[in-house]
Amino acid sequence: SRRLTRLHTTHHTRLTVTVRRLPLVRVRAMASDTDSAVLAHLSLTDEGIAESGIADALAEERQTLLGDAAGGGGGGGMAPVAPALSEDEVRRRNSLRAIPFSVPVIMVNEIVERFSFYGLKAILYIYLVDRLGFAPDAGTAILHTFVLFSYTSTLFGGWLSDSYLAKFKTVVLLSIVYCIGGAVLSITAIPGVTGGSLDERDPTGESPHWWGAALGLLLIALGTGGIKPVVSAFLGDQFGKDQKQLLSSAFLYFYFAINLGSVASTLLTPILRQRVSFAVAFGVPAVLLLVATLIFAAGYKWYIKYPATGSVVGRTFSLIATACCCGASSAELD
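With the sequence shown counted from 1, adding 25 to any position gets you the numbering used here.
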């Protein structure tokens, strides 16, 4: 005999109906909202089927079987055919399974930015001591001051993004500042460009001067710290509320990209410094970052962008200032 299985869901009850050629119908009712399944075997006549609320479902399946027999479908029966989806529904379902095109572009920018920062950090101490003539203690102090400013400038980047420029423009602007800082550091590392040196071991006076390094490091710290909190938030903006699982996967790839850029630069930048020069070791990451920034800016139309809504930090300080003024006025009245 031919056997057909159909799932029919109504509220919290799922009915599995097995239809045979005999007038006997077995209904297995399973309550999905209880800890244990409730099983019931009912022998239904035609009237019982109508009263059970599944008459329409059985009639539909019988019509399907008749149509299969009339069309010469053979004894194997017709497989259930899913209803056709609209074009908008297909696009929506595909968007829930696919990472947006803008996300890889953001990740490439992040890889290059981390490559530039950690590559610079790997050779900066040697540059300060061996090329600029700073004492070891002074070189260590300058290196840690640079790292400190790189991480505290994140507050400036977040405030600028939330209050005025929004995320996309903030990333582009501070990335350009970053590139300028890398270019300054690279160019001033070329012997004879700055026209002075603190290194007494260099009688020619062609070693780089400290002001080039100071200006370059200041711009780099402002750029890298400013975009740090904005890029990750901008990545999250590319996903909707119904893409939480996909968002979690995207951030896994994002942090993998960060570590990939960091490890690669830590290995490659010292090799460039040793085999070529400091100028090339500083310049290659700056050029790569410039290319990545241009690619990031070129993807403008693919991004989901939200306008600036005001900084929480700014509103907090505004409330504190208002409270202080009101408190001073109350004290004067008393």
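Note that beta-carbon positions come from the ideal geometry of N, C-alpha and C, so glycine has one too.
If you're wondering where the values come from, they're calculated on a predicted model, not measured in any experiment.
- In angstroms, rounded to a whole number, what distance separates the CA positions of Val-218 and Pro-233? 7 Å
- Simplified DSSP assignment, three categories, for Cys-349: helix
- Query: How about the stretch 307 to 320 and the stretch 126 to 144: do they share at least three Cβ pairs that are nearer than 8 Å?
  - Reply: yes
- Query: Which residue from Gly-183, Tyr-152, Thr-291 puts its Cα closest to that of Leu-247?
  - Reply: Gly-183
- Message: Using the three-state DSSP reduction, which class does Pro-233 fall into: helix, strand or coil?
- Response: coil
- Task: Taking 8 Å as the cut-off, decide whether the C-beta atoms of Leu-210 and Leu-198 are in contact.
- Result: no
- Check whether the Cβ atoms of Phe-181 and Thr-249 sit closer than 8 Å, and answer yes or no. no
- From Asp-267 to Cys-204, what does the alpha carbon distance come to, in whole angstroms? 37 Å
- Query: Which of helix, strand or coil does DSSP assign to Thr-219?
  - Reply: coil
- Ignore the nearest five residues each way along the sequence and tell me which others in Phe-307's own chain have a CB closer than 6 Å to its CB. Leu-210, Ser-211, Ala-214
- Nearest to Ala-322 (by Cα), restricted to the options Thr-294, Asp-162, Lys-192: Lys-192
- Message: Given this structure, state the Cα-to-Cα distance separating Ser-127 from Ser-188, to the nearest angstrom.
- Response: 24 Å
- Query: In whole angstroms, what is the alpha-carbon distance linking Phe-171 and Cys-350?
  - Reply: 37 Å
- Run the CB neighbour count on Thr-341, radius 10 Å, all protein chains shown included, and call it buried at 16 or more, exposed below. exposed
- Query: What first and last residue would you give for the alpha helix (DSSP H) that runs through Asp-155?
  - Reply: Careful: Asp-155 lies outside any alpha helix (DSSP H) and carries neither H nor E.
- Message: For the pair the stretch 160 to 170 and the stretch 332 to 346, tell me if three or more CB-CB distances fall below 8 Å.
- Response: no
- Task: Could you check if Thr-195 is buried or exposed, using at least 16 other CB atoms within 10 Å of its CB as the buried criterion?
- Result: buried
- Query: Regarding Thr-294 and the ligand MG, is the C-beta to nearest heavy atom distance less than 7 Å?
  - Reply: The model depicted lacks the ligand MG and carries no ligand whatsoever.
- Can you tell me which of the three DSSP states Phe-126 falls into? coil
- Task: Give every residue of the same chain whose Cβ lies closer than 6 Å to the Cβ of Tyr-150, excluding the five residues on either side of it in the sequence, and list them in chain order.
- Result: Gly-164, Leu-168
- Message: By the three-class DSSP mapping on this structure, what secondary structure does Tyr-362 have?
- Response: Nothing about residue 362 can be read from this structure; the chain reaches only from 26 to 359.
- How many whole angstroms separate the CB atoms of Leu-145 and Ile-296, which I take to be in contact at a CB cut-off of 8 Å? Between Ile-296 and Leu-145 the Cβ distance is about 14 Å, and since that is not below 8 Å, they are no contact.
- Looking only at its own chain, which residues have a Cβ that is under 7 Å from the Cβ of Pro-254, when we skip the five neighbours before and after it? Thr-179, Gly-182, Gly-183
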